[in-house]
Amino acid sequence: MSKKKVFDEAVKFYSELSAEFKGKSGQPNLEQCGNILSKLKILITQLNFLPIEESSNCQKEMTLARDVIELGALYSIATRDIPAFRKYMNQLKAYYFDYKDLPKSFFRSQLLGLNLLCLLAQNQVSDFHSEIERLSYDEMQNDHYIKHPIKIEQYLMEGNYNKLFLAKSNIPSESYSYFIEMLLLTVRTEIASCLEKAYRDISTSEAQRLLHLSSQKELQEFSENRKWDFDSKIISFPLEEAKDSIPAKEVTKMMLDYACELEMII
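In numbering that gives the first Met the number 0, the protein residues as written are 0 to 265.
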């Protein structure tokens, strides 16, 4: 198959993938998207997905390859496949930062913002700051896709959990929901651990407020996962088994050895 035929077929599959990803009623057919994406990834390996020459054809092929990888990254979020998302983003960063002569990408800001949020959700704060350094001041200040994870990181550093949980209802795209939920679960788990250390029991209303849960049913499910003793008004936390602060066996042996040495001296 000639390169032109490969390119034309890849364009056709890309159009199909875009249509399937939008889906009927806004719901993508993920199984069909996965099938088309697999075929596309094979096709773009037969094209110039890296700049080996300066020509309009090479630029078109690279742009198509970038667009395919972008949909692959969004597909990986929809299927909750974080390792695949990270691989796609590593490829895309070359197109975004090294090959700036390509036509502007519609998904660039959204995916870079998602990458930042993914790093926060996985507690990779140093990598988060490394990625921030690659962005322009204008992007950090004015791009709503980029500003969102930057604000989230600020709330985390300040310990401002109220604003952090409120940010869930102010996401720039539905694709951000997955990483936000992951991050909030981590924060909620940390709050729960602090409650267990600070109290023997707590009222359900106060626990629900501190954990930022929307209903008592959610609180009950969360309590069951933490093995808390839950009733309609009070939550009792499991007591940690007291650990011996003094290693009795070791101390006894040392004292006996010492006694024997004293006996020999006398």
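For glycine and all other residues, C-beta sits at the position ideal for the given N, C-alpha and C.
Under the DSSP assignment, ILE233 falls in the beta strand (DSSP E) whose first and last residues are 233 to 235. Note on geometry: alpha-carbon atoms of ASN114 and THR44 lie some 24 angstroms from one another. Beta-bridge pairing by DSSP links ASP228 to SER235. About 19 angstroms separates the beta carbon of SER174 from that of GLN123, a gap too long to meet the 8 angstroms contact definition.
A straight line joining the alpha-carbon of THR62 with that of LEU209 spans about 48 angstroms. For SER14, the enclosing alpha helix (DSSP H) stretches over residues 2 to 21. Exposure of GLU205 is indicated by the presence of fewer than 16 other C-beta atoms within 10 angstroms of its C-beta. By the criterion of a C-beta distance shorter than 8 angstroms, MET139 is surrounded in its chain by ILE131, ILE145, LYS146, ILE149, once the five residues flanking it on both sides are discounted. The alpha helix (DSSP H) runs lying completely inside the stretch 87 to 138 and spanning 4 residues or more are 107 to 120, 124 to 131, given in chain order.
Sequence-distant Cβ neighbours of GLN207 in its own chain, meaning closer than 6 angstroms and more than five residues away, are LEU218.
Shortest Cα-Cα distance from ILE179 to any of TYR136, LYS167, LEU42 involves LYS167. DSSP places ASP200 in the strand class (E or B) of the three-state scheme. HIS211: not part of any alpha helix (DSSP H); DSSP gives it neither H nor E. Residue burial annotation: ASP7 is exposed, with fewer than 16 other C-beta atoms found within 10 angstroms of its C-beta. Bounds of the alpha helix (DSSP H) holding GLU152 are 143 to 157.
Contact annotation: the stretch 154 to 168 does not touch the stretch 82 to 96, with fewer than three C-beta pairs closer than 8 angstroms.
Take ASP142, set aside five residues on each side of it, and the residues of its chain with a beta-carbon closer than 8 angstroms to its own are SER108, GLY112, in chain order.
Taking a contact as a CB-CB distance under 8 angstroms, the pair ARG133 and LEU101 does not count as one, their CB atoms being some 17 angstroms apart.
The beta carbon of LEU118 is closer than 6 angstroms to those of ASP126, PHE127 in its chain, skipping five residues each way along the sequence. Each of GLU189, SER172, VAL10 was checked against the Cα of LEU46, and the nearest Cα belongs to VAL10. Beta-bridge pairing by DSSP links GLN26 to LYS23.
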